[in-house]
Amino acid sequence: MPNASHFKRLPMRVGEPVTVFVEGRAIEVESYDTAAAAVLIAGLVPSRTTPTSGSARAPYCLMGVCFECLLDIDGVANQQGCMVKVRDGMQIHRQVGARDIHESPQETA
Amino acid sequence: MTKTATQGSRSADVCLIGGGLVGMAIALGLQRNGLRITVIDEGDVALRASRGNFGLIWVQGKGDTLPEYAEITRLSARLWPSLAASLKHSTGVDVQLQQRGGLYLCLTEQELDARARMLEKIRAAAGGDYPYEKLDLKQVREKIPEVGDTVAGATWCPEDGHVNPLLLLRAMMERFNAQGGVMDNAGCVETIEHHSGGFRLRARSGGIWDCARIVLCAGLGNRELAPQVGLSAPLSPNRGQVLVGERVRPFLNYPTGYVRQTGEGSVQIGDSKEDVGFDSGTTTEVMAKIAHRAVKLFPLLRDVKLVRAWGALRVMTPDGYPIYQTSTTCPGAYLVTCHSGVTLAAFHEGPLADWISSDRHDPSLEVFHAERFTL
Amino acid sequence: MSSRNTTDVCYDLAIIGAGPAGMAAAAEAGQLGLATVLIDEQEEAGGQIYRAIERAPLADEGILGSDYYKGRSLLKAMQASHTDYLPGTTVWDVEDDLTLNVSHHGRSRQVRARRLLIATGAQERPVPFTGWTLPGVMTCGAAQVLLKNSALVPSAPLVLAGSGPLMLLVASQLSYAGVPIKALLDTTPRENYFRAARYSPGALRNLKLLLKGVGLLRTLKRSGVPHITGVESLRAESGKDDHLDKVYYRRKGADHELDCRSLLVHQGVVPNVQLTRALELKHRWNEQQQCWNPHADVWGETSRAGIFVAGDSSGIAGAQAAEEAGRLSVLQIAKQLGQLEEDTRNKRAVPIRRRLGPHQAIRPFLDVLYQPARPFLIPEDDTIVCRCEEITAGELRSIADAGCQGPNQAKAFSRAGMGPCQGRLCGLTVSQVLAERNNQSIDAVGYYHIRPPIKPLTIGELADIAN
Numbered sequence: 001m002p003n004a005s006h007f008k009r010l011p012m013r014v015g016e017p018v019t020v021f022v023e024g025r026a027i028e029v030e031s032y033d034t035a036a037a038a039v040l041i042a043g044l045v046p047s048r049t050t051p052t053s054g055s056a057r058a059p060y061c062l063m064g065v066c067f068e069c070l071l072d073i074d075g076v077a078n079q080q081g082c083m084v085k086v087r088d089g090m091q092i093h094r095q096v097g098a099r100d101i102h103e104s105p106q107e108t109a
Numbered sequence: 001m002t003k004t005a006t007q008g009s010r011s012a013d014v015c016l017i018g019g020g021l022v023g024m025a026i027a028l029g030l031q032r033n034g035l036r037i038t039v040i041d042e043g044d045v046a047l048r049a050s051r052g053n054f055g056l057i058w059v060q061g062k063g064d065t066l067p068e069y070a071e072i073t074r075l076s077a078r079l080w081p082s083l084a085a086s087l088k089h090s091t092g093v094d095v096q097l098q099q100r101g102g103l104y105l106c107l108t109e110q111e112l113d114a115r116a117r118m119l120e121k122i123r124a125a126a127g128g129d130y131p132y133e134k135l136d137l138k139q140v141r142e143k144i145p146e147v148g149d150t151v152a153g154a155t156w157c158p159e160d161g162h163v164n165p166l167l168l169l170r171a172m173m174e175r176f177n178a179q180g181g182v183m184d185n186a187g188c189v190e191t192i193e194h195h196s197g198g199f200r201l202r203a204r205s206g207g208i209w210d211c212a213r214i215v216l217c218a219g220l221g222n223r224e225l226a227p228q229v230g231l232s233a234p235l236s237p238n239r240g241q242v243l244v245g246e247r248v249r250p251f252l253n254y255p256t257g258y259v260r261q262t263g264e265g266s267v268q269i270g271d272s273k274e275d276v277g278f279d280s281g282t283t284t285e286v287m288a289k290i291a292h293r294a295v296k297l298f299p300l301l302r303d304v305k306l307v308r309a310w311g312a313l314r315v316m317t318p319d320g321y322p323i324y325q326t327s328t329t330c331p332g333a334y335l336v337t338c339h340s341g342v343t344l345a346a347f348h349e350g351p352l353a354d355w356i357s358s359d360r361h362d363p364s365l366e367v368f369h370a371e372r373f374t375l
Numbered sequence: 001m002s003s004r005n006t007t008d009v010c011y012d013l014a015i016i017g018a019g020p021a022g023m024a025a026a027a028e029a030g031q032l033g034l035a036t037v038l039i040d041e042q043e044e045a046g047g048q049i050y051r052a053i054e055r056a057p058l059a060d061e062g063i064l065g066s067d068y069y070k071g072r073s074l075l076k077a078m079q080a081s082h083t084d085y086l087p088g089t090t091v092w093d094v095e096d097d098l099t100l101n102v103s104h105h106g107r108s109r110q111v112r113a114r115r116l117l118i119a120t121g122a123q124e125r126p127v128p129f130t131g132w133t134l135p136g137v138m139t140c141g142a143a144q145v146l147l148k149n150s151a152l153v154p155s156a157p158l159v160l161a162g163s164g165p166l167m168l169l170v171a172s173q174l175s176y177a178g179v180p181i182k183a184l185l186d187t188t189p190r191e192n193y194f195r196a197a198r199y200s201p202g203a204l205r206n207l208k209l210l211l212k213g214v215g216l217l218r219t220l221k222r223s224g225v226p227h228i229t230g231v232e233s234l235r236a237e238s239g240k241d242d243h244l245d246k247v248y249y250r251r252k253g254a255d256h257e258l259d260c261r262s263l264l265v266h267q268g269v270v271p272n273v274q275l276t277r278a279l280e281l282k283h284r285w286n287e288q289q290q291c292w293n294p295h296a297d298v299w300g301e302t303s304r305a306g307i308f309v310a311g312d313s314s315g316i317a318g319a320q321a322a323e324e325a326g327r328l329s330v331l332q333i334a335k336q337l338g339q340l341e342e343d344t345r346n347k348r349a350v351p352i353r354r355r356l357g358p359h360q361a362i363r364p365f366l367d368v369l370y371q372p373a374r375p376f377l378i379p380e381d382d383t384i385v386c387r388c389e390e391i392t393a394g395e396l397r398s399i400a401d402a403g404c405q406g407p408n409q410a411k412a413f414s415r416a417g418m419g420p421c422q423g424r425l426c427g428l429t430v431s432q433v434l435a436e437r438n439n440q441s442i443d444a445v446g447y448y449h450i451r452p453p454i455k456p457l458t459i460g461e462l463a464d465i466a467n
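Heads up: the sequence lines are chains A, B and C, in that order.
Quick note: the first sequence uses this note's numbering, first residue 1, plus one each step.
Quick note: the second sequence uses this note's numbering, first residue 1, plus one each step.
Quick note: the third sequence uses this note's numbering, first residue 1, plus one each step.
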């Protein structure tokens with residue numbers, strides 16, 4: 001289960017709340033948050049484990065450079081969470097090690 | 001510790017020009033025969049066909065027009081496990097050898113039939129001693145459940161396998177250094193002078209080496225070097241492009257000619273055969289074709305991310321077979337070139353190095369002389 | 001501004017990156033009548049410095065300060081030009097004739113242009129130290145992204161560690177926003193102050209920026225955040241939950257420890273050279289900035305004709321300098337394409353270069369002052385250098401000792417640089433470690449050979465191109 005939230009929201013000009021699910025738990029976020037921000041809000045630790053040794057990792061640069069924020073988003077593995085904007089109902093899971101190709105949702109032709 | 005070029009001369013029993021997979025395997029074999037070896041290499045900027053190797057230890061299909069090539073390929077495959085074991089034992093580096101067999105997947109019945117006919121021809125030339133099987137889609141799926149519906153079948157050879165060519169080069173270099181070999185990253189050797197005592201090599205950077213015997217293992221660089229010792233190396237570059245996907249959980253237990261999963265789990269996808277001169281770059285058109293074929297073979301690869309792509313230049317002779325030859329006008333000079341540096345590594349470390357070391361004529365290698373190109 | 005189907009068009013100019021350089025370039029190009037396309041991987045324009053400038057969610061504009069909101073006018077100018085703007089679009093390959101292969105929402109297509117302007121900006125310099133890979137350790141830049149994009153702040157206990165103006169800026173912004181900061185661990189080596197003094201004449205030519213910096217330091221002092229200078233080394237440790245729990249630092253020979261759940265690190269920014277390297281442009285090592293810069297002439301044209309680079313991706317000089325550099329490149333491009341006479345180009349360049357001057361003049365002072373301390377450039381043996389593949393500095397050193405001459409061989413032998421980040425976070429450190437171990441200059445050691453795809457894309461997307 002994710003830990004208590006570490007990240008706080010400052011007063012915003014306009015709010016547009018959206019609900020995503022982080023490891024099955026409903027988390028309220030804002031519409032322009034990224035999936036990486038959502039896991040930080042949810043306190044998902046770790047948000048991924050490395051394929052090499054299973055080490056715990058979490059978002060580091062948040063600008064698309066470090067690839068630490070890899071997440072399983074709506075069933076698709078290894079997506080850079082910081083480059084994906086949240087969507088109402090989005091299912092976010094931690095990326096555990098290397099992806100399993102058998103779990104890919106098949107694209108419709 | 002490696003040494004970089006300085007002014008003055010150095011000496012060795014045998015100097016190898018080129019420290020890639022071919023050069024290092026031979027160097028190890030010569031060391032095994034008690035010789036002092038110096039390898040002269042271009043360092044980080046070399047064309048380095050060795051870094052552009054797919055990593056297959058591939059027996060099936062080799063030598064369909066030259067039975068002797070099929071023989072040395074099979075011999076090398078049989079010697080591979082002990083090479084891998086001894087490298088692991090002496091350096092601690094595991095080259096990730098897997099030799100449980102390999103499949104060549106075919107996307108049409110015609111392709112499958114043609115391939116089976118070709119293998120049958122090799123079997124006949126080998127007097128029936130040549131292991132392979134023709135598999136239909138159902139049989140392929142027993143080995144690899146993930147192949148796509150459009151795969152017609154495959155040819156299977158139990159002696160095929162794969163290895164990590166980068167770790168292989170690393171292990172061979174470490175072993176070479178540990179055994180007292182000298183690795184000189186002096187750059188390009190430009191001239192070779194032959195005199196009664198042996199050879200004097202000069203690098204563009206000014207370095208000079210004197211040795212009793214030399215082995216030309218410089219890949220495409222052999223073209224300019226061979227004539228200087230009375231030999232001929234009509235080599236041309238042939239580009240292959242390869243895609244490398246991210247690591248995935250192990251799923252592919254056998255290498256398949258175009259797709260293999262490495263020891264770390266990354267998916268390696270090839271390849272092409274292009275005559276484009278010395279351009280080792282990648283092109284979108286070819287990369288897309290390679291990806292397209294890969295997805296037909298393994299539909300589940302669609303969502304796998306491509307992390308890098310590279311092109312590498314194969315060192316090709318006109319017929320694709322190696323040149324193993326010693327010079328008659330400059331005794332003590334040897335020419336070694338091939339494009340299957342991984343498959344043949346064990347043969348190079350073993351019987352071929354023994355041949356060079358013994359300095360005796362080996363009639364079985366005459367088929368690999370360069371004269372065959374002018375006949 | 002439209003985003004019509006771009007595949008049949010050949011633009012005069014393709015700009016990659018919608019930060020200050022890219023936006024200013026787009027506006028200038030529009031004024032000069034160049035058919036331009038602006039491509040950016042983010043969904044919203046602004047780059048990093050003006051991240052989310054159009055939406056700017058924070059209610060209190062005092063937090064980010066007026067410099068940030070300057071980006072609004074740049075954005076408006078870009079939007080008013082007739083540039084085709086392609087957000088959420090990643091350039092993954094550039095062909096020899098400058099045709100771009102770009103990816104948008106899982107589909108690839110091509111964009112053709114006669115000239116290319118690379119404005120991909122900077123990235124945070126990697127900050128390797130023991131424990132830097134722990135959850136809870138992020139860059140100062142990351143904190144700014146969260147602040148600008150989402151009005152989010154990390155909560156206590158929060159520590160900032162490192163060196164550089166951006167760290168001081170983030171500290172003051174968070175402090176203003178009411179976020180308690182436990183400590184600001186400043187690793188700026190003391191001797192840097194003396195070495196930088198020599199360049200103060202240049203710094204004085206940008207009095208405005210200098211005063212801003214002084215003002216920043218004053219604000220920080222008033223905020224009561226403990227600003228601990230002369231920090232020599234850092235170490236982060238996790239608690240029972242695999243998360244950052246404590247940071248240790250050494251100062252004046254004594255060791256200290258702090259409880260900490262968020263650690264924001266920073267050792268300056270460096271040009272994002274992924275694209276310039278993949279294009280095989282000539283780069284040179286900038287000793288003062290300790291990073292690589294692509295060769296560029298006074299108009300930003302690189303070693304390949306027709307390819308320009310402007311802004312922080314050509315050399316770190318800040319947002320104001322980036323704007324002006326973007327404009328200069330466009331002037332030259334317009335002249336090359338016959339849209340601008342040489343005299344007019346020169347005349348238009350005068351005020352731009354005048355504005356650019358002070359930002360270039362202060363550079364040596366800042367670069368020397370904030371040059372990272374050696375342990376962060378060349379870390380200890382047990383420090384992870386390649387985060388993706390978990391390769392330590394020690395392993396790189398033993399490969400060097402076994403004969404490895406350069407970063408490409410090191411990559412082949414150790415897998416450093418082969419992970420998903422494609423060498424972005426380890427490239428600099430690997431070259432530094434090898435150079436030091438092999439007793440060679442960094443220029444001689446070189447850098448990874450970067451190949452396309454410049455950002456990963458799926459095999460399926462690539463396969464679809466062949467259909």
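Note that the Cβ used here is the ideal one computed from N, Cα and C, for glycine as well.
Note that this is a predicted model, so its numbers are computed, not measured.
May I ask you to list the residues that DSSP assigns as paired with F365/C? One-based indexing of the third sequence puts residue 365/C at position 365. According to DSSP, which records beta bridges pairwise, F365/C is partnered with nothing at all.
From G306/C, L166/C, Q173/C and P135/C, pick the residue whose C-alpha is nearest to that of D241/C; which is it? Within the third sequence, the letter at position 241 stands for residue 241/C. Measuring from the Cα of D241/C, the nearest candidate turns out to be P135/C.
What separation, rounded to the nearest whole angstrom, lies between the Cα atoms of E461/C and T139/C? In the third sequence, residue 461/C corresponds to position 461, counting from 1. In the third sequence, residue 139/C corresponds to position 139, counting from 1. C-alpha separation (whole angstroms): 32 Å.
Using C-beta distances below 7 Å, list every residue in its chain close to Y254/B, excluding the 5 sequence neighbours before and after it, in chain order. Here the question's residue 254/B lines up with position 254 in the second sequence. Correct list, in chain order: R100, G101, G102, L103, K143 and I144.
Please confirm whether G206/B has its beta-carbon closer than 7 Å to some beta-carbon of chain C. Indexing the second sequence from 1 puts residue 206/B at position 206. Taking a beta-carbon distance threshold of 7 Å, G206/B does not count as an interface residue toward chain C.
L168/C versus L217/C - alpha carbon distance: Taking the third sequence and counting its residues from 1, one reaches residue 168/C at position 168. Taking the third sequence and counting its residues from 1, one reaches residue 217/C at position 217. Approximately 7 Å between the Cα atoms of the pair.
Report the partner residues of N238/B according to the DSSP bridge assignment. Translated into the one-based positions of the second sequence, residue 238/B becomes position 238. Under DSSP, N238/B takes part in a beta bridge, and its partners are R314/B.
Going by the DSSP bridge assignment, what does V259/B pair with across the sheet? Here residue 259/B is taken as the residue at index 259 of the second sequence, counted from 1. Answer by DSSP bridge pairing, in chain order: I269/B.
Cβ neighbour criterion (16 or more within 10 Å) applied to C10/C: Reading the third sequence from its first residue, position 10 is the one you call residue 10/C. Per the 10 Å Cβ criterion, exposed.
Going by DSSP, what residue range makes up the beta strand (DSSP E) through M78/C? Counting from 1 along the third sequence, the entry for residue 78/C is found at position 78. Judged by DSSP secondary structure, M78/C falls outside any beta strand (DSSP E) and instead within the alpha helix (DSSP H) spanning G71 to A80.
Can you find the residues in the same chain that come closer than 6 Å, C-beta to C-beta, to V298/C, ignoring five residues on each side of it along the sequence? One-based indexing of the third sequence puts residue 298/C at position 298. Excluding positions up to five away in sequence, the list is empty.
Taking any Cβ of chain E, which residues in the segment 4-27 of chain A have a Cβ under 9 Å from it, in chain order? Absent from the structure: chain E. Protein chains present are A, B and C.
Would the beta-carbon of V445/C fall within 7 Å of that of L428/C? Sequence index remark: in the third sequence, residue 445/C carries index 445 (1-based). Sequence index remark: in the third sequence, residue 428/C carries index 428 (1-based). With respect to the 7 Å criterion, V445/C and L428/C are not classified as neighbours on the basis of their beta carbons.
Looking at the unbroken alpha helix (DSSP H) that takes in V330/C, where does it start and where does it end? As a working note, residue 330/C is residue 330 in the third sequence. Here the alpha helix (DSSP H) through V330/C covers G318 to Q336.
4 or more residues per run - each alpha helix (DSSP H) lying fully within the segment 115-163 of chain B: Given a length threshold of 4 residues, each whole run of the alpha helix (DSSP H) inside the segment 115-163 of chain B is given here in chain order: 137-143.
Quick check on K246/C: does DSSP put it in helix, strand or coil? Here residue 246/C refers to the residue found at position 246 when the third sequence is read from its first residue. The answer is strand: DSSP assigns K246/C an E or B state.
Please compile the residues from chain C whose C-beta is within a distance smaller than 8 Å of the C-beta of W310/B. Locating residue 310/B in the second sequence gives position 310, counting from the first residue. Per Cβ cutoff of 8 Å: R451.
By Cβ distance, which residues of its chain are closer than 6 Å to G230/B, with the 5 residues on each side in sequence left out? Within the second sequence, numbered from 1, the residue matching residue 230/B stands at position 230. S327, T329 and C330, listed in sequence order.
Say whether chain B places a C-beta atom closer than 7 Å to the C-beta of A56/A. Here the question's residue 56/A lines up with position 56 in the first sequence. Judged by the 7 Å Cβ criterion, A56/A is not in contact with chain B.
Hey, is F368/B's beta-carbon within less than 7 Å of any beta-carbon in chain A? Reading the second sequence from its first residue, position 368 is the one you call residue 368/B. Judged by the 7 Å Cβ criterion, F368/B is not in contact with chain A.
Which chain A residues sit within Cβ distance under 9 Å of G136/C? Here residue 136/C refers to the residue found at position 136 when the third sequence is read from its first residue. Those within 9 Å of G136/C in chain A are H6, V45 and A58.
The segment 317-334 of chain C touching the segment 51-59 of chain C, judged by at least three CB pairs closer than 8 Å: Because the criterion of three Cβ pairs below 8 Å is not met, the segment 317-334 of chain C and the segment 51-59 of chain C do not touch.
Taking 8 Å as the cut-off, does the segment 268-276 of chain B touch the segment 232-244 of chain B (at least 3 CB pairs, one atom from each stretch)? Counting Cβ pairs under 8 Å, three or more are found: they touch.
Less than 7 Å between the C-beta atoms of L28/B and M173/B, yes or no? Taking the second sequence and counting its residues from 1, one reaches residue 28/B at position 28. Taking the second sequence and counting its residues from 1, one reaches residue 173/B at position 173. Going by C-beta atoms, L28/B is not nearer than 7 Å to M173/B.
In the DSSP output, which residue or residues are listed as bridge partners for M12/A? One-based indexing of the first sequence puts residue 12/A at position 12. M12/A is bridged to L58/C.
Report the partner residues of H256/C according to the DSSP bridge assignment. Taking the third sequence and counting its residues from 1, the one referred to as residue 256/C is at position 256. DSSP lists Y249/C as partners of H256/C.
Going along chain B in order, which residues have a C-beta closer than 7 Å to the C-beta of D97/C? Within the third sequence, the letter at position 97 stands for residue 97/C. Using a Cβ-Cβ cut-off of 7 Å, D97/C is close to nothing in chain B; its nearest Cβ partner there is about 12 Å away.
Listed by chain order, chain B residues near G460/C by CB distance under 7 Å: The count along the third sequence starts at 1 and reaches residue 460/C at position 460. Under the 7 Å cutoff, chain B gives V295, R302 and D303.
Other residues of its chain near R195/C: CB distance less than 6 Å, five sequence neighbours each side excluded: By one-based count along the third sequence, residue 195/C stands at place 195. The beta carbon of R195/C is closer than 6 Å to those of V368 in its chain, skipping five residues each way along the sequence.
Closer than 7 Å by C-beta to P67/B: which residues in its own chain qualify, once you throw out the five before and the five after it? Chain order, please. For the purposes of this step, residue 67/B is taken as the residue at position 67 of the second sequence. Same-chain partners within the cutoff: A125 and A126.
Is the shortest distance between the beta-carbon of V163/B and the beta-carbons of chain C less than 7 Å? Position 163 of the second sequence, counted from the start, is the residue given in the question as residue 163/B. Put simply, the CB of V163/B is far from chain C, with every gap to its CB atoms at 7 Å or more.
Cβ neighbour criterion (16 or more within 10 Å) applied to E124/C: Taking the third sequence and counting its residues from 1, the one referred to as residue 124/C is at position 124. E124/C should be labelled buried.
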